[in-house]
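A.B. asks:
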Amino acid sequence: MKLDDMLLMAYVDGDLSPIERQEIEKEIAASPEAAERVALFSASRLPYNDAFADQKLPPVPESLTKKIEALARAHAAPTASASATASSDRSANDAHIEHGATMPPSTPVRSRMRIAPAWLAVAFVAGAFCLGAVLRLAPGLNPAQGAFTTASNGPSPWIRAVVDYQKLYSRETVAFGPVDTETSAQTVAQIRQDDKLSLRVPDLSSAGLTFKRVTRLRFQGKPLVQIEYLPPDGPPVALCVMKDMRPDAAVAQATVSDMNVVTWRQDELHYALVGGENRGLDLMAIGKQISGQGVDQLFGKASSASAAHGTLG
Amino acid sequence: MTDADLPSLLPGMLPRLWAFALRITGDQHDAEDLVQRACVRALERAHQLRPGTAPLSWMFSIVHSTWINELRARSVRSRSSMQWDDALLETVADPAARSPEDHVMNGQIIDAVSRLPEAQRVVMLLVAVEGLSYSEAAEVLEVPVGTVMSRLSRARQAIGAHFGVREGQKMKNTVKSKGEVS
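Those protein sequence lines, which keep their order, are chains G and Z. In terms of full-length UniProt numbering, the first sequence opens at residue 1 and continues consecutively. In terms of full-length UniProt numbering, the second sequence opens at residue 1 and continues consecutively.
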């Protein structure tokens with residue numbers, strides 16, 4: 001850009017001092033080209049704000065409002081009772097909102113960003129984070145019955161939460177862009193240092209899983225690590241880790257909310273390997289490989305804690 | 001502002017995020033998915049929000065970068081090759097509020113901004129519509145301030161040329177008369 005243009009815009013917008021104005025006006029008088037640009041900038045002084053305020057945009061879709069509220073609730077991680085009370089007036093019909101009135105039924109779906117079961121899945125994120133809310137989302141289910149109760153032998157609440165979270169992920173969610181090795185290494189360092197988790201990021205390339213990113217999350221105020229991998233086909237796979245002081249537990253497989261989950265506890269860490277429907281992947285075998293230290297680790301320039309962890313295997 | 005505040009702020013910001021997303025995508029379905037994805041990303045990265053940054057600007061930034069990623073994924077290089085939802089360009093006459101002339105003018109302004117190239121359009125939306133400063137817009141777009149000003153300059157010249165046929169002559173006269181006065 002010509003330096004002039006900044007000055008000319010400021011001139012047209014009345015942002016110059018009187019002395020500067022005089023200087024510019026001399027230049028305009030001497031240069032037809034400058035005068036032409038001033039004319040253009042002047043003609044572009046329009047009531048944009050009013051015009052756009054006058055623009056009748058479709059209202060925020062109710063489905064979106066509810067999704068964002070659910071996400072916000074999930075991340076605020078309030079106590080179960082508080083959140084259940086706050087949202088107890090929610091309609092049991094929420095799940096029908098997806099085809100709202102603002103969406104003409106004939107409109108073709110052009111977006112490839114669509115996360116298919118979005119509302120329901122987000123609702124489950126909230127539900128899982130907030131426990132009690134889950135029951136509310138299954139109207140007619142007696143709290144004492146069925147799969148929605150968190151029986152003591154069922155998956156931990158945080159695993160249910162990450163499973164429902166992972167359901168929101170499509171390949172596109174993690175496929176964008178190159179892997180940011182530097183940021184990932186920094187994140188791993190923060191996890192080890194700040195979150196005090198002696199995390200190993202397993203290199204699962206031998207199982208066909210490409211590392212995409214590592215993310216710090218929180219569940220009820222405690223650190224939760226999510227490591228995303230991308231298989232050659234199908235939805236992404238996450239290895240999620242939380243601190244857990246209970247004794248080690250062997251690798252076990254379960255189905256949670258239609259997702260395949262392999263869990264184990266080892267060295268005060270609770271692991272959950274979460275994946276969607278994918279015949280090409282044996283999560284159980286991968287879980288055993290990780291727990292058996294049968295794989296290398298990425299970002300291995302570890303602190304002493306994780307180095308020690310690495311040698312235990 | 002701490003990262004713990006973000007979840008409580010998001011619902012309140014939603015109308016502006018929705019309007020911004022609608023305006024940059026030009027499509028309701030895209031806008032809805034975009035806002036949702038941006039909120040997921042923001043909540044996951046809430047700890048990266050620096051104390052000096054306005055949460056709304058930060059959210060605009062995430063919405064914008066998420067959309068750019070999406071466009072790249074679709075291999076769409078230019079806005080013009082996308083199908084624009086013409087329904088969004090329409091403004092609905094509100095006879096009680098404004099004169100028909102104002103209404104037509106507003107429609108033309110929105111139309112002119114909508115037809116700018118992607119990069120210039122977003123700068124105009126941030127600066128002229130959302131009221132961000134040049135430096136705030138630069139932060140949102142992760143470009144130098146000079147780039148923001150350069151895009152703004154080109155955008156304004158394009159819009160000026162669009163309105164100039166009718167308005168320009170008047171403005172020229174105004175400038176001339178100002179020149180004579182001083």
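Backbone N, C-alpha and C fix where the C-beta goes; we use that ideal spot for every residue, glycine too.
Look up residue 156 of chain Z in the DSSP assignment and say whether it is helix, strand or coil.
C.D. replies: If DSSP states are grouped into helix, strand and coil, residue 156 of chain Z belongs with the helices.
A.B. asks: Is the region 174-192 of chain G touching the region 263-280 of chain G in the sense that three or more CB pairs, one from each, lie closer than 8 angstroms?
C.D. replies: Output reads no: the region 174-192 of chain G does not touch the region 263-280 of chain G.
A.B. asks: Please look up how many angstroms separate the CB atoms of residue 155 of chain G and residue 261 of chain G, rounded, as I've assumed it's under 8 angstroms.
C.D. replies: Contact holds; Cβ gap of about 7 angstroms.
A.B. asks: Helix, strand or coil for residue 260 of chain G? Go by DSSP, reduced to three states.
C.D. replies: Of the three classes helix, strand and coil, the one that applies to residue 260 of chain G here is strand, per DSSP.
A.B. asks: Going along the chain, which residues of the region 44-63 of chain G sit with their C-beta nearer than 9 angstroms to a C-beta in chain Z?
C.D. replies: Those would be 44, 45, 46, 47, 48, 49, 50, 51, 52, 53, 54, 55, 56, 57, 58, 59, 60, 61 and 63, in chain order.
A.B. asks: Note down, in chain order, each residue of its chain lying with its Cβ closer than 8 angstroms to the Cβ of residue 27 of chain G, except the 5 sequence neighbours on either side.
C.D. replies: Around residue 27 of chain G: 4 and 34.
A.B. asks: By alpha-carbon positions, which one of G:235, G:253 and G:225 ends up nearest to residue 244 of chain G?
C.D. replies: Per the Cα distances, G:225.
A.B. asks: Is the region 110-117 of chain Z touching the region 57-64 of chain G, taking contact as three or more C-beta pairs under 8 angstroms?
C.D. replies: Taking 8 angstroms as the limit for Cβ pairs, the verdict is that the region 57-64 of chain G does not touch the region 110-117 of chain Z.
A.B. asks: Would a check of beta-carbon distances place residue 172 of chain G closer than 8 angstroms to chain Z?
C.D. replies: Chain Z, which has a Cβ nearer than 8 angstroms to the Cβ of residue 172 of chain G, makes this yes.
A.B. asks: Using only alpha-carbon positions, find the residue among Z:33, Z:138 and Z:103 that is nearest to residue 58 of chain Z.
C.D. replies: Here the closest residue by C-alpha is Z:138.
A.B. asks: Does any residue of chain Z bring its CB to less than 8 angstroms from the CB of residue 84 of chain G?
C.D. replies: Note that residue 84 of chain G has pLDDT 40, beneath the 50 cutoff, so the model's placement of it is unreliable and the number below is only indicative. No, no contact with chain Z.
A.B. asks: Assuming residue 20 of chain Z and residue 116 of chain Z are in contact, meaning their beta carbons sit under 8 angstroms apart, how far apart are those beta carbons, in whole angstroms?
C.D. replies: No, residue 20 of chain Z and residue 116 of chain Z are not in contact; Cβ-Cβ is about 15 angstroms, not under 8 angstroms.
A.B. asks: What is the rounded straight-line gap between the Cα of residue 181 of chain G and the Cα of residue 43 of chain Z?
C.D. replies: Taking the straight line from one Cα to the other gives about 22 angstroms.
A.B. asks: Please tell me whether residue 132 of chain Z and residue 140 of chain Z are closer than 8 angstroms, where the distance is taken between their beta carbons.
C.D. replies: Yes; because the gap between Cβ atoms is below 8 angstroms, this pair is in contact.
A.B. asks: For a cutoff of 8 angstroms on Cβ pairs, would you count residue 26 of chain Z as touching chain G?
C.D. replies: Judged by the 8 angstroms Cβ criterion, residue 26 of chain Z is not in contact with chain G.
A.B. asks: Drop a sphere of 10 angstroms on the beta-carbon of residue 201 of chain G, count the other beta-carbons inside from all chains shown, and report buried for 16 or more, exposed for fewer.
C.D. replies: Flag for residue 201 of chain G reads buried.
A.B. asks: Cβ closer than 8 angstroms: which chain G residues qualify as neighbours of residue 156 of chain Z?
C.D. replies: Within chain G, the residues near residue 156 of chain Z are 9, 40, 41 and 44.
A.B. asks: Given this structure, state the Cα-to-Cα distance separating residue 233 of chain G from residue 278 of chain G, to the nearest angstrom.
C.D. replies: Near 8 angstroms, if we compare the C-alpha coordinates of residue 278 of chain G and residue 233 of chain G.
A.B. asks: Hey, out of Z:64, Z:106, Z:107 and Z:147, whose CA is closest to residue 25 of chain Z's CA?
C.D. replies: Comparing Cα-Cα distances from residue 25 of chain Z to each of Z:64, Z:106, Z:107 and Z:147, the minimum goes to Z:64.
A.B. asks: Return the bridge partner residues of residue 227 of chain G from the DSSP annotation.
C.D. replies: DSSP lists G:214 and G:239 as partners of residue 227 of chain G.
A.B. asks: Against residue 65 of chain G, what residues of chain Z qualify as contacts under a CB-to-CB distance less than 8 angstroms, listed in chain order?
C.D. replies: Going along chain Z in sequence order, the residues near residue 65 of chain G (Cβ under 8 angstroms) are 11 and 14.
A.B. asks: Taking DSSP as the reference, what is the three-state secondary structure of residue 198 of chain G?
C.D. replies: Coil.
A.B. asks: Can you pull the chain Z neighbours of residue 75 of chain G, defined as C-beta to C-beta under 8 angstroms?
C.D. replies: Ordered by position in chain Z, the residues that pass the 8 angstroms Cβ test against residue 75 of chain G are 6, 7, 43 and 46.
A.B. asks: In chain Z, what lies closer than 9 angstroms to residue 72 of chain G by C-beta?
C.D. replies: The contacting residues are 6, 7, 8, 9, 10, 11, 39 and 43.
A.B. asks: Could you pull the start and end residues of the beta strand (DSSP E) that residue 52 of chain Z belongs to?
C.D. replies: That residue, residue 52 of chain Z, is in no beta strand (DSSP E); it is neither H nor E in DSSP.
A.B. asks: Note down, one range per segment and in chain order, each alpha helix (DSSP H) of at least 4 residues found wholly within the region 6-67 of chain G.
C.D. replies: You should have 18-30, 32-43 and 48-54.
A.B. asks: Taking all protein chains shown into account, decide if residue 33 of chain Z is buried (16 or more other Cβ within 10 angstroms of its Cβ) or exposed.
C.D. replies: Buried is the call here.
A.B. asks: Under 8 angstroms Cβ-Cβ, which residues of chain G neighbour residue 52 of chain Z?
C.D. replies: Near residue 52 of chain Z there are no residues of chain G at all, since even the closest Cβ is about 21 angstroms away, more than 8 angstroms.
A.B. asks: With C-beta atoms as the reference, is residue 73 of chain Z less than 8 angstroms away from residue 120 of chain Z?
C.D. replies: The answer is no: Cβ separation not under 8 angstroms.
A.B. asks: Using 10 angstroms around the beta-carbon of residue 61 of chain G, count the other beta-carbons present and answer buried if the total reaches 16, otherwise exposed.
C.D. replies: That one is buried.
A.B. asks: Along chain Z, in chain order, which residues have C-beta atoms closer than 9 angstroms to that of residue 215 of chain G?
C.D. replies: In chain order: 44 and 45.
A.B. asks: Under a CB-based cut-off of 8 angstroms, is residue 65 of chain Z close to chain G?
C.D. replies: No - not a single Cβ of chain G is within 8 angstroms of the one on residue 65 of chain Z.
A.B. asks: Between the region 208-222 of chain G and the region 250-261 of chain G, can you find at least three pairs of beta-carbon atoms closer than 8 angstroms?
C.D. replies: In short, these stretches do not touch, since the Cβ pair count stays below three.
A.B. asks: Name the one or two DSSP bridge partners that residue 74 of chain Z has.
C.D. replies: In DSSP, residue 74 of chain Z forms no bridge with anything.
A.B. asks: Please identify the residue among G:263, G:160, G:215 and G:242 whose C-alpha is closest to the C-alpha of residue 283 of chain G.
C.D. replies: When each option's Cα is compared against that of residue 283 of chain G, the closest is G:263.
A.B. asks: Does any C-beta atom of chain G lie closer than 8 angstroms to the C-beta of residue 149 of chain Z?
C.D. replies: Interface residue, yes.
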